[in-house]
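Working notes, beginning with the structure itself.
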Amino acid sequence: MAKQYETVIGLEVHVELATKTKIFCGCSTAFGGPANTHTCPVCTGMPGSLPVLNKQVVEYAIAVGLATNCNITQFCKFDRKNYFYPDNPQNYQISQLYLPICRNGGVEIETSEGKKIVGIHEIHMEEDAGKLIHDEREECSLVDYNRSGVPLIEIVSEPNMRSAEEVIAYLEKLRLIIQYLGASDCKLQEGSMRADVNLSVREVGAEKYGTRTEMKNLNSFKAIARAIEGERERQIELLESGKEVVQETRRWDDTKECSYTMRSKEDAQDYRYFPEPDLVPVVISNEWIAQIRANQPEFRTEKMKRYKEEYDLPDYDIEIITGSKRLADIFEATAAICNQPKKVSNWLMGENLRLLKEKEMDPEDITFSPENLAKLIMLVDKKEITNTVAKEVFELIFEKDIQPETYVEEKGLKTVIDEGKLRATVEKVIEQNPQSVEDYHNGKEKAIGFLVGQTMKAMQGKADPGMVNKLLKELLQ
């Protein structure tokens with residue numbers, strides 16, 4: 015009988031925190047910007063420069079720790095992790111090994127297998143390294159230190175996950191918690207959330223874990239799922255053919271859908287960790303923790319419950335809207351202005367999601383204001399514009415956040431309520447479509463829909479469909 019294998023997965027998730035300045039200096043953390051412009055002697059590792067800890071980094075780390083049910087280490091310290099690499103200007107990284115800020119937490123995930131808790135071993139604060147850019151033409155590597163010193167938290171899970179589905183559920187849960195806290199935008203494509211996957215396989219029922227590998231370079235949920243499947247198969251094939259799995263760091267190539275060796279895996283002692291001599295320990299008082307706890311936002315689970323009670327929305331709408339902090343914020347602000355929660359939800363779930371998909375954007379990238387969406391909804395409500403016109407206007411609100419009333423006024427898009435003009439158009443449509451008129455008189459109800467469509471077309475979508483329907487029935491009698 016063929017052997018059955020179980021996959022064991024643990025994750026190390028790096029999250030760039032949304033502070034304005036870096037962890038140990040006053041340089042900007044903004045993404046982009048010309049190479050080496052967001053730098054100073056501290057983040058480029060100049061001799062004699064000294065780090066000063068950014069308080070906001072500690073607050074974000076505590077907030078994430080509380081939201082993931084961790085214990086907060088009230089006396090915590092920084093350590094030096096020594097390694098030599100061109101994008102690491104000091105030749106060491108300031109991190110936390112011995113006393114990380116958060117420990118022993120966990121989050122609940124839900125998959126097709128049901129609910130389970132994924133344990134969090136620890137969360138520690140550290141600084142990011144710079145970025146190497148390989149220039150193919152000049153055959154050299156350049157280094158950009160803009161990212162050097164950007165604050166990170168590293169969330170280390172327990173090896174509790176058993177499938178790609180569980181890994182994605184865990185990452186989505188973390189991403190939502192952190193986005194709701196405002197601690198990071200968690201954009202995988204910009205590297206503000208990065209996951210390294212530690213994976214091993216063992217025979218079902220075995221006590222001991224197999225030899226694990228670590229996979230890096232994963233910048234989308236799809237790539238993570240593919241990398242897990244690929245690595246699982248590679249390890250099983252090795253074991254089946256009587257070979258051993260080597261503990262190493264591998265790099266996943268998403269285009270080729272395979273991984274290759276980067277380096278053999280170092281252990282903690284290879285980094286010669288020692289306490290960071292330039293930084294004092296961080297002492298976190300009970301009052302400080304209580305204050306951060308009091309400022310925690312309403313998270314998704316509570317929001318979902320409230321939306322059901324307060325707005326009476328369908329479960330599907332609630333799930334989609336609360337699945338993004340940005341969508342939820344826009345929904346609440348718009349509903350507060352126009353007092354039409356279901357209509358707001360319809361616009362966000364319909365036209366808005368269609369445009370996001372078309373333009374390959376994240377909900378977090380939405381730039382339009384709740385005020386303009388609310389105004390649009392009210393224009394449709396007062397029958398000042400038709401749905402057809404509203405869709406055209408919404409597209410411009412989505413792209414340029416235009417003022418709907420001004421635009422409708424300028425372009426003459428208001429619904430025509432001039433009954434004389436409308437009656438004349440309807441008469442003309444009846445005259446031009448004798449076949450449909452005959453079909454209607456022969457009891458084909460659908461024919462009237464065609465005539466309404468033709469009238470709306472002739473009126474450039476600026477007529478009230480209800481009024482058109484009424485006039486048609488009247489004239490066809």
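To convert a position in the sequence shown, counted from 1, into the working numbering, add 14. Heads up, the beta-carbon is just placed ideally off N, CA and C, and yes, glycines get one too. Remember, predicted model here, so these are calculated numbers, not experimental data.
Item, Value
"Between the C-alpha atoms of Asp292 and Asn231, what's the straight-line distance to the nearest angstrom?", "32 Å"
"Just to check my reading of the structure: Phe288 and Asp93 have Cβ atoms closer than 8 Å, yes? What is that Cβ distance to the nearest angstrom?", "7 Å"
"If I measure Cβ to Cβ from Arg320 and keep anything under 8 Å in the same chain, skipping five residues before and after, which residues do I get?", "Glu312"
"Can you give me the Cβ contacts of Leu190 inside the same chain, cut-off strictly under 6 Å, excluding the 5 residues immediately before and after it?", "Arg314"
"Round the Cβ separation of Leu202 and Ser234 to the nearest angstrom and send it over; I've been treating them as touching at under 8 Å.", "5 Å"
"DSSP on Phe89, reduced to helix/strand/coil?", "strand"
"Under 8 Å by Cβ, that's how I've got Gly40 and Thr82 pegged, so tell me the actual separation to the nearest angstrom.", "Actually they are not in contact, since the Cβ atoms of Gly40 and Thr82 sit about 29 Å apart, beyond 8 Å."
"Measuring CA to CA, which of Met139, Ile134, Arg161 is closest to Leu146?", "Arg161"
"Using DSSP bridges, identify the partner residues of Val211.", "Leu25, Met229"
"With distances taken between CB atoms, is the gap from Trp266 to Ala239 smaller than 8 Å?", "no"
"Between the Cα of Gln13 and the Cα atoms of Pro295, Glu73, Ile134, which residue gives the shortest distance?", "Lying outside 15 to 491, the shown extent of the chain, residue 13 is not represented and no answer is given."
"Counting along the chain, where does the beta strand (DSSP E) carrying Thr263 start and finish?", "262-267"
"Pick out whichever of Lys458, Val218, Glu459, Gly426 has its Cα sitting closest to the Cα of Ala477.", "Gly426"
"Quick one: is Cys154 buried, meaning 16 or more other Cβ sit within 10 Å of its Cβ, or exposed?", "exposed"
"Residues bridged to Cys154 by DSSP?", "Asp149"
"What separation, rounded to the nearest whole angstrom, lies between the Cα atoms of Val164 and Ala143?", "8 Å"
"In whole angstroms, what is the alpha-carbon distance linking Glu141 and Asn102?", "10 Å"
"On the DSSP bridge list, what partners appear for His138?", "Glu168"
"Less than 8 Å separating the beta-carbons of Glu262 and Arg277?", "yes"
"For Cys272, which residues does DSSP report across the bridge?", "Asp267"
"Mark Tyr223 as exposed unless 16 or more other C-beta atoms lie within 10 angstroms of its C-beta, in which case mark it buried.", "exposed"
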